[in-house]
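All remarks here apply to the structure that follows.
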Ligand SMILES: Cc1cc2nc3c(=O)[nH]c(=O)nc-3n(C[C@H](O)[C@H](O)[C@H](O)COP(=O)(O)O)c2cc1C
């Protein structure tokens with residue numbers, strides 16, 4: 443009889459431990475990840491899609507109301523749109539097609555991706571994130587560039603936005619392989 447009672451106690455304790463385990467797993471499965479990015483010519487977009495696929499994350503593309511044409515992006519033309527915006531900071535606050543992410547509050551981890559323009563984050567991305575409240579979120583910056591490093595780009599974004607626990611960012615070459623981007627994603631989410 444005593445043994446049966448002991449057995450019941452043990453079974454109840456084991457069930458409680460199992461339940462706690464299940465709860466822990468489901469809590470982490472419930473954590474939601476978003477990849478917010480801007481991409482003018484597709485390089486950052488390709489990386490953003492690999493990150494989203496690897497992380498099981500949602501994607502949000504920042505789109506200027508007036509998208510940049512190839513001529514707009516010509517940094518060798520002193521009168522191109524991007525050169526004018528670079529030269530006059532007031533012009534960099536470009537209008538966006540969409541200014542908020544659906545269910546923003548539900549995301550715990552946000553990857554923030556952008557191309558490097560003159561050593562800093564391309565401003566359509568900065569314009570977007572400045573309006574977001576990152577309080578309570580883990581933020582992981584990434585960028586693509588021809589040769590520049592991450593430099594101050596992520597630190598400047600962190601300074602310009604509200605809240606967030608900003609992690610070390612990562613710069614990728616414009617032609618980074620999908621496998622390198624996926625490997626990095628797995629390493630930061632460990
Ligand atoms: C206006 C402009 C400025 C750029 N400035 C830099 C730079 O300072 N350093 C660099 O390595 N690449 C620079 N690039 C190259 C881009 O960062 C690179 O091609 C990037 O992968 C483009 O990403 P996207 O295809 O997502 O727009 C610049 C490109 C543009 C259009």
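Numbering (the numbering used here), first residue to last: 443 to 632.
Using N, Cα and C, we set each Cβ at its ideal position, and we do this for glycine too.
Since this is a predicted model, take the numbers as computed values, not measurements.
List the whole-angstrom C-beta distance separating residue i from residue j, where the pair is believed to meet the contact cut-off of C-beta under 8 Å.
{"i": "residue 486", "j": "residue 586", "result": "5 Å"}
{"i": "residue 477", "j": "residue 555", "result": "7 Å"}
{"i": "residue 506", "j": "residue 536", "result": "5 Å"}
Just the C-alpha distance for residue i and residue j, rounded to the nearest angstrom, thanks.
{"i": "residue 581", "j": "residue 553", "result": "6 Å"}
{"i": "residue 495", "j": "residue 488", "result": "11 Å"}
{"i": "residue 574", "j": "residue 604", "result": "7 Å"}
{"i": "residue 527", "j": "residue 538", "result": "15 Å"}
{"i": "residue 616", "j": "residue 474", "result": "27 Å"}
{"i": "residue 592", "j": "residue 512", "result": "24 Å"}
{"i": "residue 618", "j": "residue 607", "result": "26 Å"}
{"i": "residue 540", "j": "residue 498", "result": "23 Å"}
{"i": "residue 599", "j": "residue 547", "result": "20 Å"}
{"i": "residue 533", "j": "residue 563", "result": "15 Å"}
{"i": "residue 523", "j": "residue 517", "result": "9 Å"}
{"i": "residue 463", "j": "residue 627", "result": "For residue 463, the predicted structure reports a pLDDT of 33, less than 50, and the residue's modelled location is therefore unreliable. A value from the coordinates is still provided. Cα to Cα, the separation comes out at about 26 Å."}
So, at 6 Å on beta carbons, what are the nonlocal neighbours of residue i in its own chain, with the 5 sequence-adjacent residues on each side left out?
{"i": "residue 479", "result": "486, 490, 555"}
{"i": "residue 614", "result": "489, 586"}
{"i": "residue 510", "result": "482"}
{"i": "residue 567", "result": "480, 504, 556"}
{"i": "residue 588", "result": "616"}
Kindly indicate the opening and closing residues of the alpha helix (DSSP H) around residue i.
{"i": "residue 628", "result": "620-631"}
{"i": "residue 475", "result": "Looking at the DSSP string, residue 475 is not in any alpha helix (DSSP H); the run it does join, the beta strand (DSSP E), is 475-479."}
{"i": "residue 595", "result": "595-602"}
{"i": "residue 570", "result": "565-572"}
{"i": "residue 485", "result": "485-497"}
Start and end of the beta strand (DSSP E) containing residue i?
{"i": "residue 559", "result": "551-559"}
{"i": "residue 580", "result": "580-587"}
{"i": "residue 613", "result": "612-615"}
{"i": "residue 500", "result": "500-503"}
Report all residues from its chain with a CB closer than 7 Å to the CB of residue i; omit the five preceding and five following residues, and keep chain order.
{"i": "residue 631", "result": "497"}
Here's a check: name, in chain order, each residue in its chain whose Cβ is nearer than 8 Å to the Cβ of residue i, leaving out the five neighbours to either side.
{"i": "residue 570", "result": "478, 480, 504, 538, 541"}
{"i": "residue 594", "result": "561, 562"}
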